[in-house]
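Colleague:
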Amino acid sequence: MSVCQRPVIDFDCWASRRPRTPQPPRRRRHRSRPHRRRPGSAGVAIVATLAAIVIALAPPTEAQVLIQEVLYDGPGSDGDDAFTELVGPAGMTMEDWSLVGINGGKGTVYRTVDLSGAVIPSDGVLVIATSSANDSLAAVRDFIGSVDWQNGPDAVRLLDASGAVVDGLQYGDAGAFNAGEGTPAPTTSAGKSLSRDNSATDTNDNLADFTVTGIPTPGVGAAPEVEPPDAEPPGAEPPSTDP
223 MSVCQRPVID
233 FDCWASRRPR
243 TPQPPRRRRH
253 RSRPHRRRPG
263 SAGVAIVATL
273 AAIVIALAPP
283 TEAQVLIQEV
293 LYDGPGSDGD
303 DAFTELVGPA
313 GMTMEDWSLV
323 GINGGKGTVY
333 RTVDLSGAVI
343 PSDGVLVIAT
353 SSANDSLAAV
363 RDFIGSVDWQ
373 NGPDAVRLLD
383 ASGAVVDGLQ
393 YGDAGAFNAG
403 EGTPAPTTSA
413 GKSLSRDNSA
423 TDTNDNLADF
433 TVTGIPTPGV
443 GAAPEVEPPD
453 AEPPGAEPPS
463 TDP
């Protein structure tokens with residue numbers, strides 16, 4: 223027979239049992255799962271970062287400046303009427319830029335005009351004329367420079383601050399050296415200029431881009447020379463307006 227049997231409860235036997243020491247609650251162990259990355263998310267982040275770096279390091283594009291109109295042979299004293307007109311972005315400073323005159327036969331530079339201090343006006347047109355410019359030319363002059371270029375078959379080049387050629391105009395027979403672009407533009411008679419159209423079209427061919435202008439237009443755009451309409455023969459009567 224058991225020492226402790228039911229149904230009689232022996233309290234002495236019950237008390238003799240070894241009390242159970244309470245155990246602290248067990249903590250459930252959570253297995254850490256590796257973080258799952260969305261497919262391609264890392265690649266997208268890297269590409270986006272590299273794109274941002276490329277954009278930040280990309281050098282700014284230099285705005286285009288062109289020779290728009292040149293009058294090198296004035297009707298009187300060349301220095302009084304000669305001018306060179308440039309077009310470009312308004313407010314652009316021309317520090318360390320220059321215009322150079324080049325002998326068409328020898329290819330040598332015979333004159334350099336430093337444009338430091340010049341700023342392209344708000345209309346995008348910069349007129350350079352000599353210090354002895356006539357009153358009408360002086361009124362639209364933006365910068366003083368010795369732009370009385372030689373009359374013979376020669377060239378004018380525009381150089382940026384690094385000395386690189388930005389634009390060039392060769393007029394007349396290129397001879398042994400062509401410092402312009404493509405086929406040379408024609409020579410002009412006294413008082414006429416060589417000019418691009420009002421849109422400053424640049425096809426890198428002087429003959430296609432420049433037109434002889436009968437009435438020079440420094441600072442106000444250019445208009446090709448137009449032949450006047452034929453006059454009516456003497457004695458011609460106007461058409462009748464009677465019904």
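Taking the working numbering, the leading residue of the sequence shown gets 223, the next gets one more, and so forth.
Cβ atoms here follow ideal geometry from the backbone N, Cα and C, with glycine treated the same way.
Using only the alpha-carbon positions, how far apart do P282 and S384 sit?
Modeller: Per-residue confidence for P282 stands at a pLDDT of 34, beneath the threshold of 50, marking its modelled position as unreliable; no derived number is given.
Colleague: Would you say T306 and V362 are within 8 Å of each other, going by their C-beta atoms?
Modeller: Going by C-beta atoms, T306 is not nearer than 8 Å to V362.
Colleague: Could you tell me the boundaries of the alpha helix (DSSP H) in which D357 lies?
Modeller: Element bounds for D357: D357 to V362.
Colleague: Where do the N-terminal and C-terminal ends of the alpha helix (DSSP H) with D336 fall, by residue?
Modeller: No alpha helix (DSSP H) contains D336, which is instead part of the beta strand (DSSP E) from V331 to D336.
Colleague: Please classify Y393 as buried or exposed, where buried requires at least 16 neighbouring CB atoms within 10 angstroms.
Modeller: When all chains shown are included, Y393 counts as buried.
Colleague: Quick one: residues in its chain with C-beta nearer than 7 Å to the C-beta of A453, no 5 flanking neighbours on either side, listed in chain order?
Modeller: Caution is warranted here: a pLDDT of 49 is assigned to A453, below 50, making its placement in the model unreliable, and no coordinate value can be reported.
Colleague: Judging by CA-CA distance, which residue of G301, V287, Q286 and N426 is the nearest neighbour of D357?
Modeller: Nearest option by C-alpha distance: G301.
Colleague: Identify whether G323 lies in helix, strand or coil by the three-state DSSP scheme.
Modeller: It is a strand residue.
Colleague: Under DSSP, the beta strand (DSSP E) around D376 begins and ends at which residues?
Modeller: Counting along the chain, the beta strand (DSSP E) containing D376 begins and ends at D376 to L381.
Colleague: Excluding sequence positions up to five away, which residues of its chain have a Cβ less than 7 Å from the Cβ of V387?
Modeller: The residues are R379 and L381.
Colleague: Would you kindly report the start and end of the unbroken beta strand (DSSP E) that includes A412?
Modeller: Element bounds for A412: n/a, residue is neither H nor E.
Colleague: Starting from A386, follow the beta strand (DSSP E) in both directions and report where the run begins and ends.
Modeller: Counting along the chain, A386 falls outside any beta strand (DSSP E), and DSSP gives it neither H nor E.
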